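Chemist: Residue numbers (the working numbering), protein chains in the order written: chain A, 1 to 211; chain B, 1 to 117. Quick reminder that beta carbons are idealized off the backbone N, C-alpha and C, glycines included. As the structure is a prediction and not an experimental result, all values here were calculated from the model.
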Amino acid sequence: MGLITSLKTRFRSIFRWFFKKDKMRIGIYGPPNAGKTTLANRILRDWTGDVMGSESEVPHETRRAKLREGVKIEVDGKTLTIDIVDTPGIATKIDFHDFLKFGMSEEEAKRRAKEATEGVIEAIKWLDDLDGVLLVMDSTEDPYTQVNVTIVGNIEARGLPLLIVANKIDLPTASPARIKAAFPQHTVVPISALKGLNIDTLYRTMAEKFG
Amino acid sequence: MEGVQLNLISKEKLDRMSSMEKLRMILDSVKEGKIVVLESGLSPEEEAKLIELTMLEIDHENFVGIEVESYPPKESFFSKLFGKKSGRLTLIGPANRVKTLSKQEDLITAMVQLGDR
């Protein structure tokens, strides 16, 4: 990135700070199976009574970005209105053989793999249209993945507010501390999107970060 | 002799190339089964573009993607001032040959397989 682009990014983030929008468009990002759709569903269920999409153990269940506009979150008397974008998981490789393990036919697995590659491209393109990002990481996994490093780097380069969500803390091997140690420059909120653990802290932190 | 070709690209060479030239060179080499090590790495934007281009070229039979590993960018006084972070050493290889065993802030352990699977 050149000096002019860097200055533009700096200017954009200062401009954003002074002229905050009434409504923020927040992207939910992360690797496949980190729990992005589970989190999107949790937020929607809590504030609209609706859901975003189907959750599954099979990677790349979400293969198209889903947008839900005008979700109002009320915390401590403050109202935060957001558009939520649930994005497909970002990956550097997609092998149709991986889907065969879940009982799919070869044809079905190949179709899913093709859709998953399109989903990754779509997720990357959405970065241009966001005002903030919730980066979901699986706290039972090693956080130093290339996908996490690349997403964090891109969001920092764009000057967007970022909140890291350390998901799956209901599982015995979860270690949100490992995520905090890996990305000490960012706010990390440990939650279980599935069980709703610590979700109020997430909403409070979202209101502070994006409000 | 059976083996895997390793291309170590110097910072000087990378500095002379445009982003698209770098990404094309990486993908072409990786699709030929080579492993590419970049001395000065890629910027986060270039890494995202590399993932995007990789997805466009996956064909499910011969090329299933890449294994890419780099250290998180280091923040210097210059980068704090101008928002520019330079990429650090980056390793990229075909996903069916390179497997990352572990990754920390300052140590990446990867295994290279000679066969395809």
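Report the rounded CA-to-CA distance for L101(B) versus Y144(A), giving the unit in angstroms.
Modeler: Each residue's alpha carbon lies about 12 Å from the other.
Chemist: Measuring CA to CA, which of F210(A), D95(A), V58(A), G35(A) is closest to L160(A)?
Modeler: It is F210(A) whose Cα lies nearest to the Cα of L160(A).
Chemist: Applying the criterion that 16 or more other CB atoms from any shown protein chain within 10 Å of the CB defines a buried residue, is P88(A) buried or exposed?
Modeler: Counting Cβ neighbours within 10 Å, P88(A) comes out buried, since at least 16 surround it.
Chemist: M1(A) CB to nearest chain B CB: under 8 Å?
Modeler: The predicted model places M1(A) with a pLDDT of 47, which falls under 50 and marks its position as unreliable; any figure quoted below should be read in that light. So yes, M1(A) belongs to the interface.
Chemist: On the CB-based measure, 16 or more other CB atoms within 10 Å of its CB, does P184(A) come out buried or exposed?
Modeler: Label assigned to P184(A): exposed.
Chemist: Taking 8 Å as the cut-off, decide whether the C-beta atoms of D128(A) and R25(A) are in contact.
Modeler: Result no, Cβ atoms of D128(A) and R25(A) do not sit closer than 8 Å.
Chemist: At the level of alpha carbons, what is the spacing between R158(A) and I28(A)?
Modeler: If I take the Cα positions, the gap works out to 16 Å.
Chemist: List the residues of chain B that F96(A) touches, going by C-beta distances under 7 Å, in chain order.
Modeler: Result: H60.
Chemist: Quick one: list the residues of chain A neighbouring A95(B), beta-carbon separation under 8 Å, in chain order.
Modeler: Those are T92, K93, D95, listed as they occur along chain A.
Chemist: Within the same chain, show all residues whose beta-carbon is closer than 6 Å to that of V68(B), passing over the 5 residues directly before and after it, in chain order.
Modeler: For V68(B), where only same-chain residues beyond five positions count, the Cβ hits under 6 Å are I92.
Chemist: Are the beta-carbon atoms of V85(A) and W126(A) separated by less than 8 Å?
Modeler: Yes, these two residues count as a Cβ contact at 8 Å.
Chemist: In this structure, what does DSSP give as the bridge partners for T109(B)?
Modeler: According to DSSP, which records beta bridges pairwise, T109(B) is partnered with S102(B).
Chemist: Can you tell which of G153(A), N154(A), A177(A), D138(A) has the C-alpha that lies nearest to the C-alpha of T38(A)?
Modeler: Nearest C-alpha to T38(A): D138(A).
Chemist: In this structure, does DSSP put D227(A) in helix, strand or coil?
Modeler: With chain A covering 1 to 211 only, the question about residue 227(A) has no answer from this structure.
Chemist: Return the CA-CA distance between K11(B) and S40(B), expressed in angstroms with no decimal places.
Modeler: Computed Cα separation, rounded: 5 Å.
Chemist: Would you please verify whether the beta carbon of T62(A) is less than 8 Å from any beta carbon of chain B?
Modeler: Closer than 8 Å: no.
Chemist: Identify the contact partners of K110(A) in chain B, using a Cβ-Cβ distance below 9 Å as the criterion.
Modeler: Residues of chain B passing the Cβ test: H60.
Chemist: Could you tell me the distance, in whole angstroms, from the CA atom of K168(A) to the CA atom of K13(B)?
Modeler: In a straight line, the C-alpha of K168(A) is about 44 Å away from that of K13(B).
Chemist: What three-state label does DSSP hand S192(A) in the structure shown?
Modeler: Residue state, collapsed to three classes: strand.
Chemist: Which class does V71(A) belong to by DSSP, given the choice of helix, strand or coil?
Modeler: Here V71(A) sits in strand by DSSP.
Chemist: If you draw a straight line from the alpha carbon of L67(A) to that of G35(A), how long is it in whole angstroms?
Modeler: If you take the alpha carbons of L67(A) and G35(A), they lie about 17 Å apart.
Chemist: I need the DSSP call for G153(A), collapsed to helix, strand or coil.
Modeler: It is helical.
Chemist: Run through the DSSP bridge pairs and tell me what V68(B) is partnered with.
Modeler: For V68(B), which the question treats as bridged, DSSP gives the partners I92(B).
Chemist: Residues in the same chain with beta-carbon distance under 8 Å from T140(A), minus the five sequence neighbours each way, listed in chain order, please.
Modeler: K168, L171, T173, A174, S175, listed in sequence order.
Chemist: Is A113(A) closer than 8 Å to F96(A) when the C-beta atoms are compared?
Modeler: For F96(A) and A113(A), yes; Cβs fall inside 8 Å.
Chemist: By the three-class DSSP mapping on this structure, what secondary structure does V4(B) have?
Modeler: It is coil, neither helix nor strand.
Chemist: Identify, in the order they occur along the chain, each residue of the same chain with its Cβ nearer than 8 Å to the Cβ of E2(B), setting aside the five sequence neighbours on each side.
Modeler: Correct list, in chain order: L114.
Chemist: Hey, how far is the Cα of M111(B) from the Cα of V98(B)?
Modeler: In a straight line, the C-alpha of M111(B) is about 6 Å away from that of V98(B).
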